[in-house]
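Please read the structure below before turning to the comments.
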Amino acid sequence: MGSLFIVSTPIGNMSDISVRAIETMFSVGIIVCEDTRKTGLLLSELKKRYPSLIPHPMVKAELIRSDEFTEFRILPDIIGALRRGSDVALVTDAGTPLVGDPGFLLVREALNRGIPVTAVPGPTAAVCALTVSGLPANRYLFLGFLPEKAGHRRKLLDSLKKLSGTGLAPVCIIYCAPHKLEQTLTDIRDSCGDLEITVARELTKVHEEIWQGRISGAIRTERLRKGEIVLLINLSRI
1 MGSLFIVSTP IGNMSDISVR AIETMFSVGI IVCEDTRKTG LLLSELKKRY
51 PSLIPHPMVK AELIRSDEFT EFRILPDIIG ALRRGSDVAL VTDAGTPLVG
101 DPGFLLVREA LNRGIPVTAV PGPTAAVCAL TVSGLPANRY LFLGFLPEKA
151 GHRRKLLDSL KKLSGTGLAP VCIIYCAPHK LEQTLTDIRD SCGDLEITVA
201 RELTKVHEEI WQGRISGAIR TERLRKGEIV LLINLSRI
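In structure tokens:
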């Protein structure tokens with residue numbers, strides 16, 4: 001029986017890759033990934049940058065796409081390969097699999113069948129943003145991307161306001177596409193008030209920015225609507 005490795009990859013800065021992640025990706029027979037092209041480019045770049053870390057003999061893994069549309073369909077094939085003895089790595093385009101990305105179904109099924117599952121930890125945009133946000137980090141709630149439908153989004157945000165009165169009010173971490181930032185901030189303000197927030201964008205990249213202030217200020221700041229964005233909402237100060 002093979003093992004399933006959950007491998008974190010850089011969220012922007014290639015130097016954040018771990019030695020163990022490199023060794024794992026070049027040792028397994030199969031890499032399950034969101035985008036085979038992007039993962040292929042990552043592997044090529046790693047071979048050029050870190051040739052001394054590539055195991056010998058190097059295994060050229062089969063890349064298999066698994067995203068929100070294909071995750072369920074390919075599940076039997078991946079589990080079958082693991083049961084036949086193939087080691088498999090699960091990666092995402094950037095960061096840690098399952099944290100706002102696909103992979104849950106595969107991990108759950110592997111565990112249910114007694115297949116070893118091992119984490120190869122590394123960068124995660126949510127935790128990276130939290131550490132530089134200037135907000136209290138002892139309690140946080142990761143929400144990933146908010147629901148697409150306005151009604152579902154409003155219901156979720158209204159429930160957060162209720163949570164703020166429990167004495168366990170966390171910092172909420174939200175992933176947001178740049179073209180949706182203004183609407184997302186407006187929805188949060190309408191449900192929860194003009195809260196203290198941090199906008200972390202382009203983390204670990206050349207144009208990294210950590211913006212702090214109130215929601216109203218962030219709505220007025222157009223430059224924030226660019227790049228990869230993590231919102232951190234301080235519910236403890238409503």
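Counting from 1, position 45 in the sequence shown corresponds to residue 45 in UniProt numbering; the numbering is continuous, with no gaps.
Where a beta carbon is used, it is the ideal one built from N, C-alpha and C, also for glycine.
In this text, all values refer to a predicted model and were calculated from it rather than measured experimentally.
For the alpha helix (DSSP H) that contains residue i, what are its first and last residues?
i: PHE104; result: 104–112
i: ALA21; result: 19–25
i: ARG153; result: 150–163
Taking 8 Å as the limit between beta carbons, can you name the residues of its chain near residue i, skipping five residues before and five after?
i: residue 283; result: Outside the modelled stretch of the chain, which goes from 1 to 238, sits residue 283, for which no answer is possible.
i: ALA137; result: LEU130, THR131 and VAL171
i: THR118; result: SER3, LEU4, PHE5 and ILE6
Would residue i pass as a contact of residue j if the rule is Cβ separation under 8 Å?
i: SER8; j: GLY151; result: no
i: GLU71; j: LEU105; result: yes
i: SER133; j: LEU157; result: no
i: ILE215; j: ILE197; result: yes
i: ILE78; j: VAL32; result: yes
i: ARG153; j: LEU146; result: yes
i: LEU63; j: THR36; result: yes
i: LEU90; j: ASN234; result: no
i: residue 240; j: GLU34; result: Residue numbering for the chain in the displayed model covers 1 to 238; residue 240 lies beyond these limits and cannot be assessed.
Just curious, the beta strand (DSSP E) that residue i is in, first and last residue?
i: GLY40; result: Note, GLY40: premise wrong, no beta strand (DSSP E); alpha helix (DSSP H) at 36–49.
i: GLY144; result: 140–145
i: ILE64; result: 62–65
i: HIS200; result: Sequence inspection shows Ala at residue 200; the His mentioned does not correspond to that position. From DSSP, the beta strand (DSSP E) with ALA200 extends over 196–201.
i: THR118; result: 117–120
i: VAL32; result: 30–33
I'd like the list of long-range same chain contacts for residue i, defined as Cβ closer than 6 Å, with 5 residues on each side in sequence excluded.
i: LEU46; result: ILE22
i: SER18; result: GLY122
Consult DSSP for residue i and reduce its assignment to one of helix, strand or coil.
i: ALA177; result: coil
i: ALA94; result: coil
i: GLY213; result: strand
i: VAL171; result: strand
i: THR9; result: strand
i: THR166; result: helix
i: residue 242; result: Residue 242 is absent from the model: the chain starts at 1 and stops at 238.
i: VAL127; result: helix
i: ALA81; result: helix
i: ILE74; result: helix
i: ALA89; result: strand
i: ILE233; result: strand
i: GLU68; result: coil
i: LEU53; result: helix
Which residue wins for smallest C-alpha separation from residue i, given the options the options?
i: LYS149; options: LYS180, ALA137 and ALA125; result: LYS180
i: ASP101; options: THR92, GLU109, VAL107 and ARG108; result: THR92
i: THR204; options: GLU222, CYS128, SER159 and GLY167; result: CYS128
i: PRO97; options: LEU141, VAL120, ARG225 and LYS155; result: VAL120
i: SER236; options: SER164, SER52 and SER66; result: SER164
i: LEU111; options: ALA126, ARG83, ALA125 and TYR50; result: ARG83
i: LYS226; options: LEU232, ILE210 and ARG201; result: ARG201
i: SER15; options: VAL88, LYS38, TYR50 and THR221; result: TYR50
Excluding five sequence neighbours on each side, which residues of the same chain lie with their C-beta closer than 7 Å to the C-beta of residue i?
i: ASP194; result: ARG214, ILE215 and SER216
i: PHE26; result: ILE54, PRO55, MET58 and VAL59
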